[in-house]
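Position one of the sequence shown corresponds to residue 1 (the UniProt record's numbering), numbered consecutively onward. Read through the structure below, which is laid out as structure tokens, and then see the notes.
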Amino acid sequence: MTTDWVLSEPPTELTGLTAYDLRCEHRVDPLGIGTARPRLSWRLASPTRGDRQAAFRVRVLRDGVQVWDSGWRDEPSTSVDHGGAPLTSQTDYTWQVEVRDAAGRVSGAEASFATGIFHDDEWEAHWIEHDYETDPYFEPPVDRAEPRTVRQATIAPPRYYRRSFELTQPVTRARLYATAHGLYQFSANGQRVGNDELTPGWTDYRERVAYQTYDVTDVLREGENVIGAVLGEGWWSGYVGWDTRSHAHHYGKKPQLLAQLVVDHPDGSRTVVATDGRWVERVGPIRFADLLMGESYDARHELGDWSSPGYDAGEWAPAGDVGGDVSTLIAMTTEPVRVTSELPAVAVTALAPGRFIVDLGQNLAGRVRLRVRGAQAGDRIRLRHGEMLQADGELYTANLRTADATDYFVSAGAADEFFEPVFTVHGFRYVEVDGYPGELTVEDVAGRVLHSDTPVAGRFECSDPGVNQLLSNIRWGQRGNFVSVPTDCPQRDERLGWTADAQIFLPTAAYQADVLTFFENWFADLAVAQTDEGAIPDVIPHVITGRHGTPAWADAATIVPWTLYRIYGDERVLRTAWPVMRRWVDYVHRANPDLIWRNRTSGHYGDWLQVGVKTDRDVLATAYFARSVEFTAAAARVLGLTDDAAKYGALHDEIAAAFVAEFVDAEGKIRGDTQTGYLLALAFGLLPEHAEQAAVKHLVADLERRERSLTTGFAGVALLCPILTKYGYADLAYDLLHDDRYPSWGYSIKHGATTIWERWDGWTEENGFGPVAMNSFNHYSLGSVGEWLYGDVAGISQSEQSIGFRDLVVKPRPGGRLTWAEASYDIPSGRVSTRWELSDGTLTLDVTIPPGADATIHIPTKDPDSTQESGRPLTESEGLTPLDSTPDTTLCRAAPGTYRFTTPA
Ligand code: RAM
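Spelled out as structure tokens, the structure:
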């Protein structure tokens with residue numbers, strides 16, 4: 001287990017300005033980076049108020065010899081691109097950062113990274129596969145008794161590959177570069193290599209196949225060595241999505257493996273062992289594996305020490321060598337999927353002899369680890385996974401559609417056996433264990449939580465258990481759906497990178513984890529999927545044909561890069577995305593010269609899964625058109641593209657004017673008169689002032705008319721609480737937050753939700769389970785309210801002009817049932833924390849601003865003049881500059897440091 005997905009402790013016992021959390025390409029000590037000019041960054045902490053980085057110096061070293069020195073730079077920046085000669089392929093580097101404070105005191109920190117394989121001609125590896133010429137393609141999955149509802153025969157059993165080789169010299173360094181068309185897990189000399197799961201992850205394999213780099217120095221030795229891998233189908237050739245035309249085999253018909261082991265010896269020589277026809281292969285205990293369908297493991301077919309020296313592989317067959325085309329290979333640029341937590345079972349209920357329901361207490365994406373005691377050889381145990389139970393206590397699986405989510409374990413008859421599948425992942429809270437010998441107990445089952453191991457970046461907690469549960473559900477929604485790509489759901493036959501879901505949830509996701517490289521990687525797939533005309537498919541990676549250019553979905557093309565840039569302050573994101581952004585808005589513009597986006601709206605889902613009302617589709621589309629053009633103009637400004645900035649800036653204003661002319665009536669009502677219509681217009685800044693006020697009035701009136709009940713779907717819900725708060729109706733936002741009537745977040749929580757549901761009516765008292773055709777209980781989209789919890793309730797956000805949170809806005813909003821709330825969040829330059837508490841008529845607000853940022857702090861108060869900081873008037877407080885306060889807010893500007901404000905509440 002790598003992390004338990006909690007925010008790390010900040011550095012302690014500081015004596016002065018300290019650089020910590022060094023990253024190369026935004027990753028900690030990465031191996032196998034793919035660029036010769038990596039981004040190097042660090043965070044700052046200091047025990048001293050007002051402390052800042054006056055200057056920094058970065059050096060890059062190879063074997064202790066300096067290859068680049070940035071020289072001292074009098075800048076507050078906490079990141080720099082390697083500026084020396086391009087780095088060398090397959091080489092280890094260390095790098096050091098020194099930071100100097102205003103008083104001239106210097107401190108430093110060190111980290112490392114290694115480059116990957118930069119040049120195609122360095123690859124000696126060939127793709128290898130099972131030789132289907134000499135062996136029938138399909139080996140029946142003997143252990144899966146049930147006839148399949150779908151074309152199962154396309155899935156072949158995973159195969160084991162191995163290669164034994166001699167090393168005649170000691171090993172100074174050994175790196176394994178590995179990937180697959182399919183899914184792989186490597187072993188060397190009897191040990192598993194690394195702890196990554198579902199490698200190489202899902203990318204648009206037609207263009208980009210990521211290889212991973214592992215350090216295996218300590219595993220190899222002089223004499224005989226063995227490396228080997230088990231290879232499954234995964235996204236390459238297994239079931240993905242629901243599209244019956246091409247349910248499986250999206251990229252290829254059979255899996256292939258490619259790997260290159262590079263061993264350095266003391267005399268400077270190198271041994272390379274690469275996949276080729278000298279590898280041998282065979283089937284083993286995994287008889288069937290598919291991401292959607294599940295896995296079958298027959299312990300009677302275990303291969304013993306198959307990846308160890310001295311093993312007799314006489315019966316293994318030569319692997320088929322299909323050549324060395326490495327044109328699609330790229331270095332892995334983001335954290336892989338890992339098992340990040342293990343959850344103990346909370347309850348086991350016997351339904352019949354040998355048949356049990358296990359409750360893990362949490363809906364999650366992953367799989368179980370099962371202990372089997374006292375089984376006879378050949379006993380078969382079936383595990384079915386589901387998110388909910390039916391009223392009769394049986395597993396609810398109707399919402400899985402054709403995803404079987406069923407694993408099988410066949411015993412070899414040993415006293416104690418363990419089973420955990422390798423090449424599948426399920427979305428579930430409950431497991432039905434059928435065929436278990438004897439009594440199953442909670443000790444026999446654990447939930448293994450799998451997701452992309454994006455570094456945790458934030459935490460939020462408050463006095464209200466319901467709100468904490470909501471936050472927990474949002475976090476688990478993120479964990480369950482950030483599985484290599486941002487998916488809509490982890491359980492049914494879908495699990496696709498729906499673009500609207502991703503762009504809507506991104507701001508919330510970024511408060512909880514560092515998702516920069518995760519989204520950069522996904523955006524690279526978005527870029528390759530852009531059509532010649534400029535449209536963006538609805539799902540990325542692009543595996544569902546015929547749907548592209550949908551309002552709010554395709555706009556991920558502009559929203560994702562601009563949002564990433566704003567949050568992480570890395571211009572490279574915009575440079576890469578620029579052509580995609582421009583081509584996307586030009587596509588919409590060409591089809592809609594009158595600037596109302598009515599044409600080429602593809603499937604047009606509107607404000608998806610609204611309840612009771614339908615937001616006008618042209619309103620939604622045109623608002624998004626304006627938004628995309630606004631961000632395209634903004635990107636052009638950052639990139640110094642003056643003409644484009646002017647052109648798209650003007651276009652944006654014209655779209656906004658067209659929006660008003662077309663949709664806003666004399667009373668300021670927006671066509672359709674729905675909450676989402678007003679929210680879009682307000683949030684995207686489309687209205688002149690008088691219309692803005694009217695829109696707020698109509699929005700509030702609609703909520704009041706409905707007894708403060710929401711009607712928003714995926715698009716509108718993200719804007720609801722932030723916009724109400726912005727316009728002075730935080731009390732309404734809190735009412736929605738605490739509401740537990742249908743439809744609301746609280747309604748699902750009242751009924752036991754541990755994740756965010758796809759639909760407000762996923763389950764209702766009146767109708768029970770919602771429409772079975774589409775009813776996921778783990779969808780993050782409606783969880784986009786998380787942004788408001790961090791940004792407004794705890795009060796951590798940035799000013800409109802700010803990039804990378806350098807200009808923080810600390811503006812907590814005590815309200816609702818809350819008596820306290822707190823959050824911490826890792827911005828690029830360090831950690832921000834806020835905590836407010838109401839007690840005995842006093843509001844106490846604790847704030848920590850890291851070096852590298854400044855903050856405007858808004859302290860809600862009954863009496864602005866009596867606000868104090870650490871018992872002193874603000875004017876006497878070091879690091880603070882009082883600003884003009886309003887009757888209900890004390891305002892000040894704060895330098896880095898830790899502050900405690902108190903004020904009458
Ligand atoms: C559903 C997905 C997704 C949504 C699309 C329109 O199939 O689950 O959440 O974006 O439809």
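We put the CB at the ideal spot given by N, CA and C, even for glycine.
| query | Does any heavy atom of the ligand RAM sit closer than 8 Å to the C-beta of residue 962? | reply | In the structure as shown, the chain starts at 1 and stops at 905, and residue 962 therefore has no counterpart that could be examined.
| request: Using alpha carbons as the reference points, say which of Glu124, Ile117, Ala405, Tyr93 lies closest to alanine 111. | output: Counting from 1 along the sequence shown, the entry for residue 111 is found at position 111. Considering only alpha carbons, the answer is Tyr93.
| query | Excluding five sequence neighbours on each side, which residues of the same chain lie with their C-beta closer than 8 Å to the C-beta of aspartate 884? | reply | The residue given as residue 884 occupies position 884 in the sequence shown. Closer than 8 Å at the Cβ level, and outside the excluded window around aspartate 884, lie Leu891.
| Separation of glutamine 191 from alanine 414, as counted between CA atoms | Numbered from 1 along the sequence shown, position 414 holds the residue referred to as residue 414. Numbered from 1 along the sequence shown, position 191 holds the residue referred to as residue 191. One C-alpha to the other measures close to 22 Å.
| said: For tryptophan 279, count the other beta carbons within 10 Å of its own beta carbon; 16 or more makes it buried, fewer makes it exposed. Which is it? | reply: For this step, residue 279 is matched to residue 279 along the sequence shown. The residue is buried, with at least 16 neighbouring Cβ atoms inside 10 Å.
| Cα-Cα separation between asparagine 195 and aspartate 4, rounded to whole angstroms | Start at 1 with the first residue of the sequence shown, and residue 195 comes out as number 195. Start at 1 with the first residue of the sequence shown, and residue 4 comes out as number 4. Going from the Cα of asparagine 195 to the Cα of aspartate 4 covers about 14 Å.
| Among Leu400, Thr397, Tyr436, nearest to aspartate 416 - alpha-carbon criterion | The residue you call residue 416 lines up with position 416 of the sequence shown. Per the Cα distances, Tyr436.
| field | Burial state of alanine 85, where buried means 16 or more other Cβ atoms lie within 10 Å | value | Numbered from its first residue, the sequence shown carries residue 85 at position 85. With fewer than 16 other Cβ atoms within 10 Å, it is exposed.
| task | Leaving aside the five residues before and after aspartate 276 along the sequence, list all residues of the same chain whose C-beta is less than 6 Å from its C-beta, in chain order. | result | Walking along the sequence shown from the start, residue 276 turns up at place 276. The answer, listed in chain order, is His126, Asp321.
| Can you give the Cα-Cα distance for histidine 426 and aspartate 404, rounded to whole angstroms? | Here residue 426 refers to the residue found at position 426 of the sequence shown. Here residue 404 refers to the residue found at position 404 of the sequence shown. Pairing histidine 426 with aspartate 404, the inter-Cα distance amounts to about 9 Å.
| Cβ contact (3+ pairs, closer than 8 Å) linking the region 315–335 and the region 389–397 | no
| task | Output the distance between the C-alpha atoms of tryptophan 42 and leucine 516, rounded to the nearest integer angstrom. | result | Walking along the sequence shown from the start, residue 42 turns up at place 42. Walking along the sequence shown from the start, residue 516 turns up at place 516. Straight-line Cα distance between these residues: approximately 15 Å.
| query | On the three-state DSSP scale, how would you describe valine 142? | reply | The residue given as residue 142 occupies position 142 in the sequence shown. Residue placement at valine 142 is poorly supported in this model, since its pLDDT is 43, which falls under 50; the coordinates still yield a value, given next. If DSSP states are grouped into helix, strand and coil, valine 142 belongs with coil.
| Straight-line CA distance for serine 292 to histidine 751? | Within the sequence shown, numbered from 1, the residue matching residue 292 stands at position 292. Within the sequence shown, numbered from 1, the residue matching residue 751 stands at position 751. Looking at the sequence provided, one finds leucine at residue 292 rather than serine. Near 27 Å, if we compare the C-alpha coordinates of histidine 751 and leucine 292.
| said: Does the structure place the region 553–569 close enough to the region 503–510 that three or more beta carbon pairs sit under 8 Å? | reply: yes
| Residues in its own chain within less than 8 Å of residue 971 by CB, not counting five upstream and five downstream? | An answer regarding residue 971 cannot be provided, because it is not within the stretch 1 to 905 covered by the chain.
| message | Given 8 Å as the limit, tell me if arginine 538 has its C-beta closer than that to any heavy atom belonging to the ligand RAM. | response | By one-based count along the sequence shown, residue 538 stands at place 538. The identity of residue 538 in the sequence shown is aspartate, whereas the question assumes arginine. Yes, Cβ of aspartate 538 sits closer than 8 Å to a heavy atom of the ligand RAM.
| said: My assumption, with CB atoms under 8 Å, is that glycine 458 sits in contact with glutamine 512. Please give the rounded CB distance. | reply: Indexing the sequence shown from 1 puts residue 458 at position 458. Indexing the sequence shown from 1 puts residue 512 at position 512. Indeed, because the Cβ distance is near 5 Å, the residues count as touching under 8 Å.
| Taking DSSP as the reference, what is the three-state secondary structure of isoleucine 357? | Here the question's residue 357 lines up with position 357 in the sequence shown. Strand, per DSSP.
| said: Let me confirm a value: glutamine 478 is counted as buried when at least 16 other C-beta atoms fall within 10 Å, else exposed. Which label applies? | reply: Counting from 1 along the sequence shown, the entry for residue 478 is found at position 478. Per the 10 Å Cβ criterion, buried.
| request: Please go through the same chain and pick out, in chain order, the residues whose beta-carbon is closer than 6 Å to the beta-carbon of cysteine 462, but skip the five residues on each side of it. | output: For this step, residue 462 is matched to residue 462 along the sequence shown. Excluding residues within five positions, the ones whose Cβ falls inside 6 Å are Leu818, Ala821.
| task | Could you check if glutamate 812 is buried or exposed, using at least 16 other CB atoms within 10 Å of its CB as the buried criterion? | result | To locate residue 812, count along the sequence shown from 1; it is residue 812. Checking the sequence shown, residue 812 turns out to be proline, not glutamate. Flag for proline 812 reads buried.
| request: Determine the extent of the beta strand (DSSP E) in which valine 226 is found, giving its start and end residues. | output: Within the sequence shown, residue 226 is the residue found at index 226, counting from 1. Valine 226 -> beta strand (DSSP E) spans 223–232.
| Between Thr576, Gly569, Asp493, Thr508, which lies nearest to tryptophan 522 when the distance is taken from Cα to Cα? | Along the sequence shown, one-based indexing puts residue 522 at 522. Comparing C-alpha distances from tryptophan 522 to each of Thr576, Gly569, Asp493, Thr508 shows the shortest one belongs to Thr576.
| said: Just checking phenylalanine 714 against the ligand RAM - is the residue's beta carbon closer than 8 Å to any of the ligand's heavy atoms? | reply: Working through the sequence shown from its first residue, we reach residue 714 at position 714. Within the cutoff, so yes.
| task | Please state whether DSSP places proline 743 in a helix, a strand or coil. | result | On the sequence shown, residue 743 is found 743 positions in, with the first residue counted as 1. It is coil, neither helix nor strand.
| field | Enclosing beta strand (DSSP E) for leucine 212 [first to last residue] | value | As a first step, residue 212 is located in the sequence shown; it is residue number 212 there, counting from the start. Correcting the residue identity first, residue 212 is glutamine in this sequence and not leucine. 209–215 is the extent of the beta strand (DSSP E) around glutamine 212.
| task | Alpha carbon to alpha carbon, how far is tryptophan 608 from glycine 713? Give it in angstroms, no decimals. | result | Position 713 of the sequence shown holds residue 713. Position 608 of the sequence shown holds residue 608. Rounded to the nearest angstrom, the two C-alpha atoms are 5 Å apart.
| request: Determine the contact status of leucine 176 and valine 216, defining contact as a CB-CB distance below 9 Å. | output: Residue numbering aside, residue 176 sits at position 176 when the sequence shown is read from its first letter. Residue numbering aside, residue 216 sits at position 216 when the sequence shown is read from its first letter. Yes. Within cutoff.
| query | Roughly how many whole angstroms lie between the Cα atoms of arginine 105 and glycine 804? | reply | The residue you call residue 105 lines up with position 105 of the sequence shown. The residue you call residue 804 lines up with position 804 of the sequence shown. If I take the Cα positions, the gap works out to 26 Å.
| query | Taking C-alpha atoms, which residue in Tyr297, Glu533, Thr902 lies nearest to glycine 284? | reply | On the sequence shown, residue 284 is found 284 positions in, with the first residue counted as 1. Among Tyr297, Glu533, Thr902, the Cα nearest to that of glycine 284 is on Tyr297.
| task | Would you mind stating whether serine 748 and glycine 762 have Cβ atoms separated by less than 9 Å? | result | Translated into positions along the sequence shown, residue 748 becomes position 748. Translated into positions along the sequence shown, residue 762 becomes position 762. Yes. Within cutoff.
| message | For the pair the region 538–549 and the region 346–353, tell me if three or more CB-CB distances fall below 8 Å. | response | The region 538–549 vs the region 346–353: no contact.
| What span of residues does the alpha helix (DSSP H) with tyrosine 20 cover, start to end? | The residue labelled residue 20 in the question sits at position 20 within the sequence shown. Unbroken run through tyrosine 20 is the beta strand (DSSP E), 18–24; no alpha helix (DSSP H).
| message | Suppose you measure from the CA of glutamate 654 to the CA of proline 814; what does that come to, to the nearest Å? | response | As a position in the sequence shown, residue 654 is number 654, starting the count at 1. As a position in the sequence shown, residue 814 is number 814, starting the count at 1. Approximately 39 Å, taken between the alpha carbons.
| Residue nearest to alanine 894 in terms of C-alpha spacing, selected from Val810, Tyr790, Gly534, Arg671 | If you number the sequence shown from 1, residue 894 lands on position 894. Taking the Cα of alanine 894 as reference, the smallest distance to any Cα among Val810, Tyr790, Gly534, Arg671 is reached at Val810.
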